[in-house]
Amino acid sequence: MVYVVSQGCTLCGMCETECPVGAIRVGKGGAKIDPDKCIGCGSCADNCASEAIVPAP
Ligand code: SF4
Ligand code: SF4
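In this text, residue positions in the sequence shown follow my numbering: the first is 6, and each later residue adds one.
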């Protein structure tokens with residue numbers, strides 16, 4: 006399962022640090038997850054204080 010960033014990203018950068026495969030980049034517009042790299046571990050979602058990361062629909 007791939008995860009995606011929805012609303013509420015505060016650009017804190019925590020998910021970028023937590024992702025074990027380097028699938029997340031945090032830029033001006035918010036965090037972005039590369040779906041080709043994401044292995045669906047859920048670590049980013051667990052560590053996002055804003056609950057901005059959710060499983061892809
Ligand atoms: S952890 Fe959450 S709030 Fe922080 S950069 Fe990632 S998506 Fe945004
Ligand atoms: S679910 Fe895991 S592999 Fe996918 S972006 Fe989040 S931390 Fe990275």
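All residues carry an ideal CB built from backbone N, CA and C; glycine is no exception.
Distance cut-off 7 angstroms: residue i Cβ against heavy atoms of ligand 1
i	result
Val-26	no
Ala-61	no
Gly-18	yes
Ser-55	yes
Val-31	yes
Contact test: residue i Cβ vs ligand 2 heavy atom, cutoff 7 angstroms
i	result
Gly-45	yes
Val-11	Per the sequence shown, the amino acid found at residue 11 is Ser instead of Val. Answer for Ser-11: no, Cβ out of range of ligand 2.
Whole-angstrom distance between residue j and residue i, CA atom to CA atom
i	j	result
Cys-53	Met-19	7 angstroms
Cys-24	Lys-37	12 angstroms
Glu-56	Gly-13	7 angstroms
Cβ pair residue i, residue j closer than 8 angstroms
i	j	result
Lys-42	Ala-61	no
Val-26	Val-59	no
Beta-bridge pairing of residue i - partner residues as DSSP gives them
i	result
Lys-37	Arg-30
Whole-Å CB distance - residue i paired with residue j, under 8 angstroms assumed
i	j	result
Gly-45	Val-7	6 angstroms
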